[in-house]
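Each protein sequence line maps, in turn, to chains A and B.
Per the numbering used here, residue 188 is the first one in the first sequence, and the count goes up by one each step.
Per the numbering used here, residue 42 is the first one in the second sequence, and the count goes up by one each step.
To start, the structure under review is shown below, and the notes come after it.
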Amino acid sequence: DSGVTQTPKHLITATGQRVTLRCSPRSGDLSVYWYQQSLDQGLQFLIQYYNGEERAKGNILERFSAQQFPDLHSELNLSSLELGDSALYFCASSVVNGNTIYFGEGSWLTVV
Amino acid sequence: DQQVKQNSPSLSVQEGRISILNCDYTNSMFDYFLWYKKYPAEGPTFLISISSIKDKNEDGRFTVFLNKSAKHLSLHIVPSQPGDSAVYFCAASSASGSARQLTFGSGTQLTVLP
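Structure, rendered in structure tokens:
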């Protein structure tokens with residue numbers, strides 16, 4: 188158990204819909220990261236937050252957005268969903284800008 | 042442009058033998074390297090790391106070697122056990138201003154045969 192908690196674990200939704208994925212980082216970690224893993228793909232970095240502020244942006248679509256709240260939990264919002272958005276979405280956290288990040292178990296999103 | 046490459050999508054090894062997983066990178070600004078292990082339907086688990094000031098780091102059955110001149114790192118698992126069967130991702134990190142982010146390779150599926 189890495190200490191990073193993600194909900195929901197599984198989600199099935201229709202195209203065009205909007206979903207929110209939630210992440211609670213490890214106790215004491217200020218940085219939260221979101222990654223996407225599609226079928227046969229590696230881990231694609233989406234976005235990083237540090238203590239409530241966006242710190243770095245990767246290959247995140249404009250239809251996707253994220254935020255980190257004062258209690259340090261984070262949410263990833265995915266809107267106007269397409270079939271190709273079906274993937275495992277991982278949250279990870281680290282101490283400040285730690286070199287090592289710790290992953291949650293992921294949220295499996297299926298768009299039908 | 043893939044900055045971190047794992048050219049072998051899969052590797053099979055007999056139990057008890059050595060597993061060697063390889064990773065190449067192109068960005069000379071990377072200064073910290075990590076290996077993660079991932080079982081199906083689970084999140085990646087941190088395994089071992091190495092700073093660019095070192096060329097070797099060992100933790101039990103796992104050893105990571107870094108060859109900076111060749112921009113190559115490898116993970117050795119000795120002896121390999123069936124429970125080591127998983128996807129192994131290498132990752133590299135560099136500082137970008139005040140942020141650090143990891144760039145992952147595409148992973149190598151290791152199968153340890155009993």
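All C-beta atoms in this analysis are idealised placements derived from N, C-alpha and C, irrespective of residue type, glycine included.
Residues that DSSP places opposite residue 235 (chain A) in a beta bridge: Within the first sequence, the letter at position 48 stands for residue 235 (chain A). The partner list for residue 235 (chain A) (beta bridge, DSSP) reads A:220 and A:243.
Cut-off 7 Å between Cβ atoms - residues of its own chain near residue 228 (chain B), not counting five sequence neighbours on either side: In the structure as shown, chain B begins at 42 and stops at 155. Residue 228 (chain B) is therefore absent and cannot be evaluated.
Proximal residues, the region 124-148 of chain B versus chain A, C-beta separation under 9 Å: 130, 132, 134, 136, 137, 138, 139, 140, 141, 142, 143, 144, 145, 146, 147 and 148
Collapsed DSSP secondary structure at residue 268 (chain A) in the structure displayed: Numbered from its first residue, the first sequence carries residue 268 (chain A) at position 81. Note: residue 268 (chain A) maps to coil in three-state DSSP.
Under 7 Å between C-beta atoms of residue 135 (chain B) and residue 70 (chain B): By 1-based counting over the second sequence, the position of residue 135 (chain B) is 94. By 1-based counting over the second sequence, the position of residue 70 (chain B) is 29. Yes, they are a contact pair.
Contact with chain B by residue 243 (chain A), beta-carbon distance below 7 Å: Indexing the first sequence from 1 puts residue 243 (chain A) at position 56. Yes, because at least one Cβ of chain B sits closer than 7 Å to the Cβ of residue 243 (chain A).
Whether residue 130 (chain B) touches residue 106 (chain B) by CB criterion (7 Å): Numbered from 1 along the second sequence, position 89 holds the residue referred to as residue 130 (chain B). Numbered from 1 along the second sequence, position 65 holds the residue referred to as residue 106 (chain B). No; because the gap between Cβ atoms is not below 7 Å, this pair is not in contact.
Coil, strand or helix - residue 125 (chain B) by DSSP: Within the second sequence, residue 125 (chain B) is the residue found at index 84, counting from 1. In this structure, residue 125 (chain B) counts as helix in the three-state DSSP scheme.
Beta-ladder partner(s) of residue 65 (chain B), from DSSP: What you label residue 65 (chain B) is simply residue 24 of the second sequence in a count that begins at 1. In DSSP, residue 65 (chain B) forms a bridge with B:46 and B:113.
Proximal chain B residues relative to residue 247 (chain A), where beta-carbon distance stays under 8 Å: Within the first sequence, numbered from 1, the residue matching residue 247 (chain A) stands at position 60. The contacting residues do not exist; residue 247 (chain A) stays about 12 Å from chain B at best.
Backbone CA spacing between residue 89 (chain B) and residue 289 (chain A) [nearest angstrom]: For this step, residue 89 (chain B) is matched to residue 48 along the second sequence. For this step, residue 289 (chain A) is matched to residue 102 along the first sequence. If you take the alpha carbons of residue 89 (chain B) and residue 289 (chain A), they lie about 12 Å apart.
Range covered by the beta strand (DSSP E) that runs through residue 296 (chain A): Within the first sequence, residue 296 (chain A) is the residue found at index 109, counting from 1. According to the DSSP assignment, residue 296 (chain A) belongs to the beta strand (DSSP E) that extends over 294-298.
Meets three-Cβ-pair contact criterion under 8 Å: the region 270-277 of chain A and the region 216-226 of chain A: yes
Chain A contact for residue 81 (chain B) (CB, 7 Å cutoff): Taking the second sequence and counting its residues from 1, the one referred to as residue 81 (chain B) is at position 40. By this cut-off, residue 81 (chain B) is not an interface position.
Any chain B beta carbon closer than 7 Å to residue 287 (chain A): Counting from 1 along the first sequence, the entry for residue 287 (chain A) is found at position 100. At least one chain B Cβ lies under 7 Å of residue 287 (chain A).
Bridge partner(s) assigned by DSSP for residue 192 (chain A): Within the first sequence, residue 192 (chain A) is the residue found at index 5, counting from 1. Its beta-bridge partners are A:211.
Cβ pair residue 59 (chain B), residue 119 (chain B) closer than 7 Å: Here residue 59 (chain B) corresponds to residue number 18 of the second sequence, with the count starting at 1. Here residue 119 (chain B) corresponds to residue number 78 of the second sequence, with the count starting at 1. Cβ atoms of residue 59 (chain B) and residue 119 (chain B): closer than 7 Å.
Exposed unless 16 or more other CB atoms sit within 10 angstroms - verdict on residue 297 (chain A): Reading the first sequence from its first residue, position 110 is the one you call residue 297 (chain A). Residue 297 (chain A) comes out exposed.
Three-state secondary structure assigned by DSSP to residue 259 (chain A): Reading the first sequence from its first residue, position 72 is the one you call residue 259 (chain A). Under the three-state reduction of DSSP output, residue 259 (chain A) falls in the coil class, being neither helix nor strand.
Residue 274 (chain A): first and last residue of the uninterrupted beta strand (DSSP E) it sits in: Start at 1 with the first residue of the first sequence, and residue 274 (chain A) comes out as number 87. Element bounds for residue 274 (chain A): 274-281.
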